[in-house]
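Have a look at the structure below before the remarks.
Numbering (the working numbering), first residue to last: 3 to 622.
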């Protein structure tokens with residue numbers, strides 16, 4: 003018989019059985035499709051030996067007038083600016099330095115736990131406080147930053163010193179000052195149940211209410227070279243790049259900036275419109291009120307981040323959306339600002355005075371998983387909903403997905419707030435990270451290649467993502483408190499130690515010949531390239547997995563009298579690359595699947611079009 007080409011269509015399809023998906027791919031991890039064939043994804047490299055505190059949920063990149071390439075990082079504990087591999091803490095203060103009472107510190111000999119007396123209200127476990135002006139107590143110098151580890155009484159809390167006290171003592175003097183940073187937030191979504199967990203009349207009588215305490219989310223955008231940022235449900239802050247030694251200066255409440263007028267005191271989401279230069283708050287307090295309206299949108303005067311008082315001489319204003327109960331997300335597109343509520347999509351359009359901005363309903367009966375579940379690429383907004391994917395290109399419509407059932411059947415629905423999207427524009431990809439099964443970290447991803455209209459997926463833990471043209475590579479935040487450059491090298495260097503990246507792709511089951519009779523495959527002609535590998539003899543394993551019948555398990559043994567797999571190796575690099583030309587096998591079956599995998603350092607690969615040599619087998 004002539005050689006049979008194993009030509010499989012691009013993308014992974016898990017919507018049907020392995021046999022029904024014949025002619026395509028069924029399983030994968032750490033691969034992508036490029037020009038119709040699978041290849042291993044690139045590696046990642048941490049950008050710094052330093053780490054940050056907390057789980058990062060927001061990354062933003064911009065360049066100042068002094069050519070500082072800055073990255074804003076919002077974690078559940080802190081807010082940082084990254085520059086040149088250093089993380090600079092600009093977390094705003096909730097309460098500026100104020101003098102405590104006389105001798106506020108109590109130490110216990112042999113213990114690092116210190117009790118601090120302070121009648122100030124508002125601090126919680128996990129908050130950060132900085133002391134200054136105090137004298138040594140119990141052999142400890144406490145003029146430094148600490149994290150509150152426990153609440154001793156209503157007017158005292160405990161911290162952990164850098165060493166054990168040498169004596170039990172009460173002291174510190176009468177000049178101790180304490181400055182408190184804004185309250186920390188949850189690192190993960192926490193399901194809440196019972197009385198008071200949700201709104202009045204929610205759920206049936208006698209059934210405990212259910213709600214979720216969401217993760218600490220940040221929104222941030224640059225206003226010129228400055229930064230406007232804030233946590234969801236908190237104050238809006240401002241960082242001025244022009245201040246001397248600005249990397250060492252904390253952000254301040256926007257309402258405290260000189261000339262500020264009627265700045266929202268609470269907001270869920272902030273955005274700066276690209277061309278028109280308005281600062282938006284989505285879900286905020288109305289003018290003259292301190293109550294949060296989750297469907298209210300307010301914006302500042304044009305080119306003025308501080309003036310939020312509407313008048314006949316400026317363009318500050320507001321509007322209330324009607325479809326939904328809560329604004330979830332917002333994204334700048336080419337000509338409009340897109341706003342997602344929990345049930346609809348709106349497009350905000352600038353029309354000038356007197357209305358200034360109008361809202362057009364462009365999508366109904368839609369959902370979005372989280373604040374960060376939307377990405378904008380190729381002039382189109384793509385987002386993950388609660389049970390499907392969507393796109394907006396002037397019209398809102400569901401996005402065809404070959405992995406929909408597979409993804410949403412393996413989803414931790416209590417962790418929707420952790421879903422986030424990102425792009426790798428160089429490969430025409432939109433990535434979504436989500437928590438699978440019972441995981442409380444975003445441990446899996448799904449990718450849509452919008453150029454080739456295909457899907458693939460894999461396992462990877464990340465907490466935030468940014469694909470910026472101002473940096474050479476996409477940036478991602480990890481749960482090891484690092485920033486990593488993606489598509490850098492071919493290995494995993496998340497923590498400073500190089501490790502291999504295991505990658506594989508496995509086809510659906512396909513018939514050998516007509517599928518009615520057993521076929522004997524005696525020769526495999528692989529077609530692979532290892533271009534980009536960093537070792538001299540990279541290899542991958544190609545396996546042929548035979549079946550006696552579709553729907554049955556793979557033959558046991560996998561092959562009779564021979565081998566079903568072989569290492570495909572680059573054997574020489576000069577003067578020309580030479581690869582394994584053929585592999586002799588002894589595989590029998592009516593159907594078969596093919597698998598390609600690698601797990602060694604320094605290896606990357608791309609599959610071409612393998613061929614098999616087979617003949618009818620005598621077995622019935």
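Just so it is clear, CB atoms sit at the ideal spot from N, CA and C, and this is done for glycine as well.
Residues in its own chain within less than 6 angstroms of residue i by CB, not counting five upstream and five downstream?
i: residue 19; result: none
i: residue 326; result: 343, 344, 345, 346
i: residue 219; result: 59, 234, 373
i: residue 282; result: 273, 301
i: residue 606; result: 42, 492, 534, 535
Under a Cβ-count criterion, where at least 16 other Cβ atoms within 10 Å of its own Cβ denotes burial, should residue i be classed as buried or exposed?
i: residue 488; result: buried
i: residue 277; result: exposed
i: residue 24; result: buried
i: residue 617; result: exposed
i: residue 508; result: buried
i: residue 450; result: buried
i: residue 396; result: exposed
i: residue 586; result: exposed
i: residue 402; result: exposed
i: residue 34; result: buried
i: residue 381; result: exposed
i: residue 600; result: buried
i: residue 367; result: exposed
i: residue 204; result: With a pLDDT of 38 at residue 204, under the threshold of 50, the modelled position of that residue is not reliable, and the figure given next carries that caveat. Looking at its Cβ environment, which holds fewer than 16 other Cβ atoms inside 10 Å, residue 204 is exposed.
i: residue 469; result: buried
i: residue 583; result: exposed
i: residue 540; result: buried
i: residue 611; result: exposed
Would the beta-carbon of residue i fall within 9 angstroms of that of residue j?
i: residue 421; j: residue 42; result: no
i: residue 514; j: residue 460; result: no
i: residue 364; j: residue 416; result: no
i: residue 332; j: residue 408; result: no
i: residue 454; j: residue 146; result: no
i: residue 547; j: residue 15; result: no
i: residue 557; j: residue 568; result: no
i: residue 94; j: residue 183; result: yes
i: residue 598; j: residue 544; result: yes
i: residue 349; j: residue 386; result: no
i: residue 172; j: residue 101; result: no
i: residue 519; j: residue 595; result: no
i: residue 120; j: residue 157; result: yes
i: residue 490; j: residue 46; result: yes
i: residue 479; j: residue 153; result: no
i: residue 113; j: residue 174; result: no
i: residue 256; j: residue 238; result: yes
i: residue 400; j: residue 394; result: no
With distances taken from CA atoms, which of the options is nearest residue i?
i: residue 110; options: 96, 321, 166, 610; result: 166
i: residue 169; options: 328, 142, 514; result: 142
i: residue 126; options: 442, 227, 137, 155; result: 155
i: residue 358; options: 387, 374, 300; result: 300
i: residue 525; options: 475, 535, 589, 541; result: 589
i: residue 68; options: 245, 123, 498; result: 245
i: residue 390; options: 377, 369, 432, 383; result: 369
i: residue 241; options: 471, 307, 179, 429; result: 307
i: residue 79; options: 7, 190, 175, 505; result: 190
i: residue 135; options: 103, 157, 151; result: 103
i: residue 91; options: 129, 251, 133, 161; result: 251
i: residue 310; options: 447, 540, 263, 610; result: 263
i: residue 316; options: 28, 356, 116; result: 356
i: residue 36; options: 593, 458, 619; result: 458
i: residue 89; options: 122, 70, 50, 177; result: 50
Between which residues of its own chain and residue i is the CB-CB distance below 8 angstroms, once the five residues before and five after are set aside?
i: residue 649; result: Since the first and last residues shown for the chain are 3 and 622, residue 649 lies out of range.
i: residue 320; result: 288, 289, 298, 299, 300, 301, 312
i: residue 98; result: 181
i: residue 87; result: 49, 50, 51, 52
Using beta carbons (cut-off 9 angstroms, strictly below), is residue i in contact with chain C?
i: residue 132; result: Protein chains in the displayed structure number just one, and chain C is not present.
Leaving aside the five residues before and after residue i along the sequence, list all residues of the same chain whose C-beta is less than 7 angstroms from its C-beta, in chain order.
i: residue 279; result: 304, 305
i: residue 379; result: 425, 427, 432, 452
i: residue 10; result: 25, 26, 27, 509
i: residue 627; result: No answer is possible for residue 627: the residues shown for the chain start at 3 and end at 622.
i: residue 117; result: 108, 154, 158, 160
i: residue 293; result: 287
i: residue 335; result: 378, 383
* the segment 495-504 / the segment 528-540 touching (three or more Cβ pairs under 8 angstroms) -> no
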